[in-house]
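Asker: Please read through the structure below; I'll follow up with questions.
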């Protein structure tokens with residue numbers, strides 16, 4: 033269920049809560065699902081925000097506007113994903129998929145898999161080196 037609160041004294045600020053049937057919230061810093069009993073909490077502008085860790089709570093306390101501002105206000109600095117790129121969850125490396133998305137276990141944003149030194153040689157690169 034989704035509901036919104038419009039605060040008259042906050043210049044039209046709208047605060048949105050996304051509640052599943054479990055009552056979980058979303059960490060405004062990293063996007064992870066946070067349980068209602070999380071010890072990491074901040075009350076800002078009359079609203080309580082919950083966090084997955086002390087690190088995310090600290091980032092929010094340092095610059096709350098950065099995490100509460102609409103995402104469209106800042107241009108994306110990340111390059112567009114390359115088609116066919118494999119993505120994985122930092123917390124659950126067994127979760128892998130082609131293309132960006134979120135982890136079905138924890139809700140974190142998937143990150144591109146970086147090639148390692150042990151990966152097979154690229155046949156095109158081997159041919160180019162001759």
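Numbering (the working numbering), first residue to last: 33 to 162. Using N, Cα and C, we set each Cβ at its ideal position, and we do this for glycine too.
With DSSP as the reference, identify every bridge partner of residue 130, one or two as the case may be.
Answerer: Answer by DSSP bridge pairing, in chain order: 118.
Asker: What is the residue span of the beta strand (DSSP E) that residue 73 lies within?
Answerer: Note, residue 73: beta strand (DSSP E), 73-76.
Asker: How many angstroms separate the CA atom of residue 159 from the CA atom of residue 147?
Answerer: One C-alpha to the other measures close to 19 Å.
Asker: State yes or no: is the beta carbon of residue 140 nearer than 7 Å to at least one beta carbon in chain D?
Answerer: Protein chains in the displayed structure number just one, and chain D is not present.
Asker: Among all the DSSP beta bridges, which residues are the ones paired with residue 124?
Answerer: In the DSSP output, where bridge partners are listed per residue, residue 124 has none listed.
Asker: Can you name, in chain order, every residue of its own chain whose Cβ lies under 8 Å from the Cβ of residue 130, other than the five neighbours on each side?
Answerer: Contacts found: 116, 117, 118, 119.
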